[in-house]
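To start, the structure itself, in structure tokens.
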Amino acid sequence: MILNTGKLYRIPLRYHIIFWLTYFIFNTFRWGSYFNDYVYSLKTNLLGFPIHMTLCYLNILILMPYLVYQKKYALYVISILSAIFIMVIVKFNMTYLFITHEVWPEGPETIDKLTLNYTIDMMMGELYVITFVTAIKITFDLLKEQKRATDLQKTQLETELLFLKSQISPHFFFNTLNNIYSLSVEKSNKTPKIVLKLAELMRYMLYETKTKRQTLANEILCIQNYLDLERIRNDERLEINMSISGDIHNKKIAPVILLTFIENAFKHGVNKNTGKVKIDISFKVKEEHLYFSISNPKPEVTMHADNFNKSSGIGIENVKKRLELGYNKSDYTLSFKNKKDIFAVKLVIKVV
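Residue 422, in this note's numbering, is where the sequence shown stops; the numbers in between run on with no holes.
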């Protein structure tokens with residue numbers, strides 16, 4: 071914590087000037103009214119305020135950083151009391167020499183020499199001013215330290231989120247390149263089409279996923295490109311039923327969130343099955359929320375939902391983490407359904 075290192079935040083000079091000027095005017099009128107002598111009050115405050123300010127800045131800029139924050143408490147107490155005592159002596163002598171020989175008219179009696187009662191009373195007064203100013207300074211430091219900690223936490227979350235997003239592209243393109251490799255080995259005439267679709271996806275991944283939110287329409291377009299890739303690769307054995315309802319325009323969502331679920335559906339529901347495979351995808355926008363669902367057949371080797379999550383690697387766990395970092399808990403609901411031979415994902419998420 072910055073307060074414990076002695077490196078204090080700097081309050082702008084104008085605030086110091088405003089504070090001391092306001093305090094000076096208030097004190098001048100206060101004691102002027104008390105003595106019914108504003109000239110005398112002005113003189114004593116002109117003398118006293120440099121002393122107040124010297125002690126306050128000595129405390130917050132030197133004694134606290136180098137003694138209190140270094141846990142040298144006994145030395146701090148001795149130092150602050152000694153400084154106050156010296157300033158009281160200075161104040162008494164300057165008042166006696168430059169203002170009046172009858173010092174301390176507000177006390178029980180006027181004096182012309184330094185007394186114990188005067189010393190204690192003046193030291194208490196200086197302690198009051200020092201405490202007041204120090205409290206203001208500490209409050210400013212704590213507020214700014216809290217803001218710094220909040221900003222740091224935000225930066226850490228954004229960095230972690232950026233890292234998670236950076237994991238998506240290599241993982242996604244690795245799978246797609248494997249598909250292209252398989253087709254090229256077969257010398258398939260589908261390869262050029264897949265390369266073009268992949269280029270479109272790469273452009274999206276490189277340039278459209280850097281923002282915190284992307285339009286839902288663009289996300290769905292990206293998904294459609296991905297589905298086109300899968301249709302080309304799997305030909306007649308793949309049946310994709312996709313429905314879109316509601317207004318998808320002017321709605322925003324975290325980039326590539328939905329694509330991760332779709333990629334996992336193909337990874338486990340298509341690539342690990344033989345024969346005809348059906349994938350059902352639904353996008354339904356209602357007011358401020360998107361109701362997204364996707365279902366796919368389980369692999370021919372039966373897998374439980376927990377095993378599905380574990381085997382999905384970066385995919386599902388990544389998207390869970392991104393949802394936690396990018397949204398409030400109240401902004402989304404993620405659920406999985408593990409039926410007899412179908413695995414389904416449902417996501418309800420705020421898209422405003």
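From the three backbone atoms N, C-alpha and C, an ideal C-beta is built for every residue, glycine too.
When the Cα atoms are used, what is the spatial distance from Thr-185 to Leu-131?
31 Å
Could you give the residue range of the alpha helix (DSSP H) that holds Pro-262?
261-277
Residue-chain proximity (Ser-363, chain B), Cβ-Cβ < 8 Å:
In the displayed structure, chain B is absent; only one protein chain is listed.
Report buried or exposed for Lys-410, applying the criterion of at least 16 other Cβ atoms within 10 angstroms of its Cβ.
exposed
Under the three-state reduction of DSSP, which class applies to Ser-59: helix, strand or coil?
In the structure displayed, the chain extends from 71 to 422; residue 59 sits before or after that span and is not available.
Within the continuous beta strand (DSSP E) that includes Pro-367, where are the two ends?
359-367
List the DSSP bridge partners of Ala-205.
The partner list for Ala-205 (beta bridge, DSSP) is empty, contrary to what the question assumes.
I'd like to know if the segment 214-224 and the segment 161-169 are in contact, where contact means that at least 3 CB-CB pairs between them fall below 8 Å.
no
Do Asn-97 and Asn-115 have their beta-carbon atoms positioned less than 8 Å apart in this structure?
yes
In terms of alpha-carbon separation, which member of Ile-290, Leu-266, Asn-106, Val-147 lies closest to Leu-299?
Leu-266
Under 8 Å: do the segment 135-142 and the segment 104-113 share three or more Cβ pairs, one atom per stretch?
no
So, Ser-323 versus Glu-289, is the Cβ gap smaller than 8 Å?
Reading the sequence as shown, one finds Ile at residue 323 and not Ser. Result yes, Cβ atoms of Ile-323 and Glu-289 sit closer than 8 Å.
Assuming Leu-117 contacts Lys-161 (C-beta within less than 8 Å), just tell me the rounded distance between them.
7 Å
Buried or exposed (CB count within 10 angstroms, at least 16 for buried), Asn-366:
buried
If you measure between the beta carbons of Lys-348 and Glu-306, is that distance less than 8 Å?
no
Mapping DSSP to helix, strand and coil, what is Lys-409?
coil
Please report how far the alpha carbon of Val-203 lies from the alpha carbon of Met-164, in whole angstroms.
24 Å
My understanding is that Val-421 touches Leu-286, with C-beta atoms under 8 Å, so please give their C-beta distance in whole angstroms.
6 Å
With DSSP run on the structure shown, which of helix, strand or coil describes Asp-298?
helix
Extent of the continuous alpha helix (DSSP H) run through Ile-95:
83-105
Is the beta carbon of Ile-302 less than 8 Å from the beta carbon of Lys-337?
no
What residue range is occupied by the uninterrupted beta strand (DSSP E) comprising Leu-308?
308-315
Tell me whether Asn-377 sits in a helix, a strand or coil according to DSSP, three-state version.
Residue placement at Asn-377 is poorly supported in this model, since its pLDDT is 48, which falls under 50; the coordinates are not used for a value here.
Report buried or exposed for Ile-369, applying the criterion of at least 16 other Cβ atoms within 10 angstroms of its Cβ.
The question names Ile, but residue 369 is Pro in the sequence shown. With 16 or more other Cβ atoms within 10 Å, it is buried.
Could you have a look at Ile-323 and say whether DSSP puts it in helix, strand or coil?
strand
Roughly how many whole angstroms lie between the Cα atoms of Asn-377 and Tyr-143?
Caution applies to Asn-377, whose pLDDT of 48 falls short of 50 and renders its modelled position unreliable; the value that the coordinates give is listed next. Going by the C-alpha atoms only, they are around 59 Å apart.
Label His-359 either buried or exposed according to how many other C-beta atoms from any shown protein chain fall within 10 Å of its C-beta, with 16 as the threshold for buried.
buried
Could you give the residue range of the beta strand (DSSP E) that holds Ile-130?
From DSSP, Ile-130 is part of no beta strand (DSSP E); its letter is neither H nor E.
Looking only at its chain, what residues have a beta carbon closer than 6 Å to the beta carbon of Ile-351, apart from the 5 residues adjacent to it on each side?
Met-312, Ile-364
Straight-line Cα distance separating Ile-81 from Glu-278:
41 Å
Pop quiz: Pro-175 and Phe-105 are said to be a contact at Cβ under 8 Å. What is the actual Cβ separation, rounded to whole angstroms?
7 Å
From Ser-381 to Lys-263, what distance separates their C-alpha atoms?
Low per-residue confidence applies at Ser-381: pLDDT is 43, beneath 50, and the placement is therefore not dependable, though the value from the model is reported in the following sentence. Rounded to whole angstroms, Ser-381 to Lys-263 spans 30 Å at the Cα level.
Just confirm the distance between the C-beta atoms of Ile-154 and Leu-197, as a whole number of angstroms; I'd bet it's less than 8 Å.
7 Å
As assigned by DSSP and simplified to three states, the class of Gln-216
helix
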